[in-house]
Every structure is written in C-alpha cells, then in structure tokens.
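Colleague:
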Amino acid sequence: MASVAPNTNTYDFAIDEEFDPAKGIRLDNLPPFARRLRAAADVVWEDGYNQPFLRELGNGTLKQERFAFYLLQDYRYLADYAKVHALALTKTRDPEVMKFMVNVQNSIFSVESSVHRKYMAGFGVSESEMNNVRQSAFARAYTSDILSIAYGGDLLDILVAVLPCAWVYADYGQRLAKEFADTLDTNPFRTWVDMYKTEEFWQGSVWLIEHIEHMVQGLGEERLQELEEIFCNGVQNEYMFWSSAYDMQYSWKPQWDKAR
Numbered sequence: 001m002a003s004v005a006p007n008t009n010t011y012d013f014a015i016d017e018e019f020d021p022a023k024g025i026r027l028d029n030l031p032p033f034a035r036r037l038r039a040a041a042d043v044v045w046e047d048g049y050n051q052p053f054l055r056e057l058g059n060g061t062l063k064q065e066r067f068a069f070y071l072l073q074d075y076r077y078l079a080d081y082a083k084v085h086a087l088a089l090t091k092t093r094d095p096e097v098m099k100f101m102v103n104v105q106n107s108i109f110s111v112e113s114s115v116h117r118k119y120m121a122g123f124g125v126s127e128s129e130m131n132n133v134r135q136s137a138f139a140r141a142y143t144s145d146i147l148s149i150a151y152g153g154d155l156l157d158i159l160v161a162v163l164p165c166a167w168v169y170a171d172y173g174q175r176l177a178k179e180f181a182d183t184l185d186t187n188p189f190r191t192w193v194d195m196y197k198t199e200e201f202w203q204g205s206v207w208l209i210e211h212i213e214h215m216v217q218g219l220g221e222e223r224l225q226e227l228e229e230i231f232c233n234g235v236q237n238e239y240m241f242w243s244s245a246y247d248m249q250y251s252w253k254p255q256w257d258k259a260r
C-alpha cells in the first residue's frame, strides 16, 4: 500500500475538483478518500483481476471443481460476513445505518445463498456438505480479520473493512461483463457475472463510500492511514480467497492438506 508520512494535520475532503457530485459515485467518478483507498490498493487490485481464477471464469474455461471449491468457501465466508454486519448494529443508533446492515444480512441469506445452492446442486453437492465444509486457512484468516475489527473497532472501521468485498466484486463483475461480452451468453459462469455486474449491486458500495467519505471529514492523517491499512488488507484477502480456490488449497502449504 502507499506510504504516507504521518502527521497531525486534519483533512477536509469536502472540495475536490476531480470528483463531480452531479454524476454520482461511479467506478470512474470517485470522491477523494475512496480514490485514495483505491490507489493504495491498486497493485493487488489489478493483480486480482488478472489472476487465473478470474481470467478463466471470464473465458468460461474455469474447471468446475475449482469453482465449486470457491463457492463452498464463499458460502462459509458469507455467514461470517453477515455476523460482521450484525455487530455493526451495536456500534450505531442511526436508523439508516441499522437498516442498511439488516438489508445486507437479508440479501446474504435470501439472495446470495440461494445462488450458491443452485450452483452446488448442479455440481452434486448437498446442502449438508455446504454447511459442514472445512474452511480454508485463507478464508479463515479473512473472516477472522473482519470479525476482529467488528468486535474491537468502531463503525467507521467496520464500513472500511467490508468495503473491499462489495467494491471488488462490483468492479470485477462489470469489467468481466464488458471484456467477455461476446462470449458471455455461452459462459457457464454467466449467472455469477450477471449478479455482480448490476447497478443494484454497485449501489451497496456507493452507500458505503458515501458514509465513509462523510465520516472521515476532519480526521488526522494517522487515523486515515489506519483506515487505508484496513482497506488494503481486505483487498489482499480477496486476492488470496480466489487464489487459494484456484489451487484448491485448504492449508498454508499444499502438503499439509494431505496429512488431514
């Protein structure tokens, strides 16, 4: 991530000529702190989009067993992701924030989980197997990180911690849909791309970015760097989640899997 020398100055992000509020928050029209976060994570972000899992998913050539491994791990991940949003409810009295957190949980259990079940059924995997799948070391590191932040941090920490998941998926979904538009109709993973390419899904990131932007007003540089580190760690965890799924790797070293 980008290194910035700490100081005690406070930043005011209210005025920024590169952001046009009239256009709304878009992938190509980001407010200043969001742009700072995106720039800090850029190397990992782009490496993530160009890694084999996403390349082959976009091409439609990803092996089904690798995608199934990913879906099983993601199913486990989403349960902890929902817990993080539940914990966020305890950090605020703002009804709008509370409603957003409840809506995310509802979406996880009523929308995303149903998509996972449909895919798993197609691969011959039962719901019992889904609920009892062993969590990989990489997925556990990710969920442990965000749960730790949810328990010990404040609301702003939580919003920044969950932003990478929402934002990365929206960005990759839209980019894959554009890059592979000519072959998407016959792509076996089209449903996955279709879910994350939508404006509706992007609006979850917009909500987070808007609230984060408001909450960082007047914060000192040291605090901003803490938030930047949380965000960059999240983007790195997203990378490792897909990378370990491609390798179908449960443990830090592949040979450790054989011993279990």
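Numbering (UniProt numbering), first residue to last: 1 to 260.
Glycine included, each C-beta is placed from N, C-alpha and C at the ideal position.
(1) Under the DSSP definition of a beta bridge, which residues are partnered with residue 29?
(2) Would you mind stating whether residue 70 and residue 242 have Cβ atoms separated by less than 8 Å?
(3) Might you give, ordered along the chain, the residues of its own chain that have their beta carbon closer than 7 Å to the beta carbon of residue 52, omitting 5 neighbours on each side?
(4) Going by C-alpha to C-alpha distance, which of 193, 143 and 221 sits closest to residue 55?
(5) I need the straight-line Cα distance from residue 65 to residue 248, nearest angstrom please.
(6) Which residues bound the alpha helix (DSSP H) around residue 215?
(7) Is it the case that the region 139-147 contacts the region 23-30, given that we only count it when at least three CB pairs across the two stretches are under 8 Å?
(8) Under 7 Å from any heavy atom of the ligand SAH, does the C-beta of residue 128 make it?
(9) Would you kindly work out how many angstroms separate the C-alpha atoms of residue 166 and residue 202, rounded to a whole number?
(10) State the DSSP-derived secondary structure class of residue 218, mapped to helix, strand or coil.
(11) Rounded to a whole number of angstroms, what is the C-alpha to C-alpha distance between residue 31 and residue 163?
(12) The alpha helix (DSSP H) with residue 182 in it runs from where to where?
(13) When you compare only the Cα positions, how much space is there between residue 1 and residue 229?
(14) Looking only at its own chain, which residues have a Cβ that is under 8 Å from the Cβ of residue 154, when we skip the five neighbours before and after it?
(15) Give me, in chain order, the residues of the same chain whose beta-carbon lies closer than 8 Å to that of residue 86; leave out the 5 immediate sequence neighbours on both sides.
(16) Taking just the CA atoms, how far does residue 221 sit from residue 9?
(17) Is the region 205-218 touching the region 31-51, taking contact as three or more C-beta pairs under 8 Å?
(18) Using CA atoms only, rank isn't needed, just tell me which of 237, 95, 168 and 118 is closest to residue 189.
(19) With a 10 Å radius around its C-beta and 16 neighbouring C-beta atoms as the bar for buried, classify residue 47 as buried or exposed.
(20) Should residue 128 go down as buried or exposed, given a rule of 16 or more other Cβ atoms within 10 Å for buried?
(21) For residue 78 and residue 214, I'd like the C-alpha separation in whole angstroms.
(22) Does the Cβ of residue 151 have 16 or more other Cβ atoms within 10 Å, making it buried, or fewer, making it exposed?
Modeller: A quick look at the data gives this:
(1) 26
(2) yes
(3) 246
(4) 193
(5) 8 Å
(6) 199-215
(7) no
(8) This structure does not include the ligand SAH; it has no bound ligands of any sort.
(9) 8 Å
(10) coil
(11) 14 Å
(12) Per DSSP, residue 182 belongs to no alpha helix (DSSP H) and is neither H nor E.
(13) Caution is warranted here: a pLDDT of 34 is assigned to residue 1, below 50, making its placement in the model unreliable, and no coordinate value can be reported.
(14) 91
(15) 101 and 105
(16) Here residue 9 scores only 43 on pLDDT, less than 50, and its place in the model should not be relied on; the value that follows carries that caveat. Whole-angstrom Cα-Cα distance: 6 Å.
(17) yes
(18) 118
(19) exposed
(20) exposed
(21) 27 Å
(22) exposed
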